[in-house]
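To start, the structure under review is shown below, and the notes come after it.
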Amino acid sequence: MPNQSNESRPFHKDLESILYAHVPLPMFTMDEEGALLNMNEGAMETLRVDWEQNQRSSVFQLFESECRESLYLALATVNKISQVEKVELIKRNGETFETFCLSLQLLPDKQVIAFIAPLIDKGMDPLTGVPIRQEVPRLMERTFQENQAETYVLFLINLDRFKLVNDSLGEGYGDQVLQTLVRRLLWQLPNQQWIARVSGDEFIACAAIKGELPKKETLATYISSIIQQPFQVDEVQFTMTASIGAAVYPMDGKSVEMIWNSLERALRHAKARGGNCVSWFCQELKDEWIHPFRLENDLRRAVENQELELYFQPIFETTTGEHCGEEVLVRWNHPALGVLGPNFFIPVAEEIGLIGVVGKWVLDEACKQKALLIEKEASSVPMSVNLSLRQFLQPDIVDMILDSLNKYGLDPSLLEVEVTERITIDMNRAMKVLQKLRAQGIRVSLDDFGTGYSSLQYISQLPIQKLKIDKSFIAEIGVNSQVEAIISMIIHLGHELDLTVVAEGVETEKQLSFLKEKKCDTVQGYYHAKPLTFSEFKKYLLS
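Note that full-length UniProt numbering gives residue 122 to position 122 of the sequence shown, counting from 1, and the numbers run on in steps of one.
Quick look at the structure:
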């Protein structure tokens, strides 16, 4: 007859495996002396410890000394009367969380203590398991006060194009991306103090700087590389980027409110630069946002000070790779904030009534530079210029365009204007302007198709010659079959309406091959050429 210990050992293993397999909450077990016996992944993430390095170590090493008395009391209680006790534990980074402590009789002569964290903590995000926005001030305060001689770097992280993941793949995929990202940040960010979720796709991370201050750039590199690691959800693999605002405590703010404001300003600057970058808070940003009208005042002087500059991005035939056009892009060389894209300052120009001045400068300068290229026999293909909604709705917009063409002796067939689907907000006005442009021989392209407001009925009515597929769709080629189907549909629709179809943001061979297969007419993007200054573009053409 087998002895009792051998007979009961399978029961022990089965119960333990069932416990760890079917309890989805953070959990760890210890013996009556306080030695760790086991823990699941949830506990490792919550406590931020590596099980391999902590086997059989004392549970008391995982927590701050302030909570040891309550921990001892809970252990004594459950051992004595076998009831469940609630105990608040303080992790080494200062975060507190509640857990339930209970005694489990796994063997007749073997008893263990299990700690199971609750599923929802009022201060924790239930999806990712990190603190919520409301907890951030307390986390900052505690972190800054605990070691006042320490320097900390804080990163406000906003995922670029995250809405596209939710819209095209489903919110379940988006949730898994957020969970994976948080796990990576918790495990991989050096000197990490804490991570918190600020909003849907926005997080804040705090890390300590050890040694010299320049190491803050190293931490920023880590953050970017962590985010850009490929995400695998089911059979779908894709990459993400982020706009990141960064600030250093106490240099960029000696209070919670000041450091938070610094982070928000830096993040806004990162977004203005087009995303996929880290922007550090600086004195210029501080001055900018202390006086909110400064940007408006600077923009009023930008044309006079020759701070605006045109860039040219070539457009190519998809099948032959032949240069067949170029898009004119405007940038603002701000003396303090650096190079700003149109998404940042064009809305400001519209709001303060400067869009006419800025728009006229762009038209004049584009025609002037095109005339110089023709004179040098560098380019005789059409160029395209973007018109914002308010610029398009100006009563004299057609006369303004013709004036620029006549001033530099350009044939109207060399100009193509790009408008977005927003013009269909005033369909009657849009039709009149487009018909006048077409009557003059000026071509019209519908930009960012698929991201705006118009219906297919309106598209069929507009007197346009081109459809431009937005780069957010092109980025999903080879990643998302549903988006690929949408791209195919847009190309087919364009051809059925006798329109030329252009793909924006083409960056890879895979994207180009797909577009060739689907018979997209022309492409533009970094795969062939990035936007170039006028001098760079002239050299590019002449070479």
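Ideal Cβ positions, reconstructed from N, Cα and C, are used throughout, including at glycine.
- In the assembly as shown, Asn428 is an exposed residue. Its beta-carbon has fewer than 16 other beta-carbons within 10 Å.
- The beta carbon of Ala378 lies closer than 8 Å to those of Lys538, Leu541, Leu542 in the same chain, with the five residues before and after it left out.
- Looking at the DSSP output, Met124 shares a beta bridge with Pro131.
- The C-beta of Gln134 has fewer than 16 other C-beta atoms within 10 Å across all chains shown, which makes the residue exposed.
- For Leu189, the closest alpha carbon among the candidates Ile209, Ala266, Lys254 is that of Ile209.
- Counting C-beta pairs with one atom in each stretch, the stretch 265-273 and the stretch 292-309 have fewer than three that are closer than 8 Å, which means they do not touch.
- Annotation for Ala366: the continuous alpha helix (DSSP H) segment containing it runs 355-375.
- Straight through space, the alpha carbons of Ala149 and Phe534 are spaced by roughly 50 Å.
- Counting along the chain, the unbroken beta strand (DSSP E) around Ala208 starts and ends at 202-209.
- His492 sits in a helix when the DSSP states are folded into three classes.
- Segment contact: the stretch 426-440 against the stretch 463-481, three or more CB-CB distances shorter than 8 Å; contact assigned.
- Distance from the Cα of Val198 is smallest, within the candidate group Tyr249, Asp234, Trp260, for Trp260.
- Inter-residue distance for Val523 and Trp280 is about 34 Å (C-alpha atoms, whole angstroms).
- Under the three-state reduction of DSSP, Ser388 is assigned to coil, being neither helix nor strand.
- In the same chain as Pro314, and ignoring 5 residues on each side of it, the C-beta atoms closer than 6 Å to its own belong to His323, Glu326, Ala529, in chain order.
- In the DSSP assignment, Gly174 falls outside any beta strand (DSSP E) and within the unbroken alpha helix (DSSP H) covering 171-188.
- Counting C-beta pairs with one atom in each stretch, the stretch 221-236 and the stretch 125-141 have fewer than three that are closer than 8 Å, which means they do not touch.
- Taking the Cα of Tyr527 as reference, the smallest distance to any Cα among Arg268, Ser388, Glu504 is reached at Glu504.
- In the DSSP assignment, the residues bridged to Ser199 are Glu202.
- Taken through DSSP and simplified to helix, strand or coil, His528 comes out as coil.
- Shown here, Thr533 sits in a strand according to DSSP, grouped into three states.
- For Leu434, there is no enclosing beta strand (DSSP E); the residue is found in the alpha helix (DSSP H) stretching over 427-439.
- For the 7 Å CB-CB criterion, Val256 and Met124 do not form a contact.
- When the alpha-carbon of Gly253 is set against those of Asn480, Arg265, Ser481, Pro347, the nearest one is in Arg265.
- Between Val87 and Ser70, the CB-CB gap stays under 7 Å.
- Rounded to whole angstroms, the separation of the alpha carbons of Thr96 and Asn38 is 21 Å.
- When Ala349, Pro26, Arg390 are compared, the shortest CA-CA separation from Arg48 is found for Pro26.
- DSSP places Glu88 within a strand segment (E or B) once states are collapsed to three.
- The beta carbon of Gly409 sits closer than 6 Å to no other beta carbon from its chain once the five residues preceding and following it are set aside.
- With contacts defined by Cβ atoms closer than 7 Å, Gln193 and Thr143 form a contacting pair.
- Straight-line measurement puts the Cα of Ala220 at about 42 Å from the Cα of Asp31.
- If the five residues before and after Asn333 are omitted, its C-beta is found closer than 7 Å to the C-beta atoms of Glu307, Glu309, Val339, all from its own chain and listed in chain order.
- Between Lys468 and Ser488 a beta carbon distance of about 16 Å is seen, past the 8 Å cut, so the two are scored as non-contacting.
- Here Asp396 is exposed: its Cβ has fewer than 16 other Cβ atoms, across all protein chains shown, within 10 Å.
- At least 7 Å separates the beta-carbon of Val357 from that of Leu299.
- By the beta-carbon neighbour count (other beta carbons within 10 angstroms, threshold 16), Arg56 is exposed.
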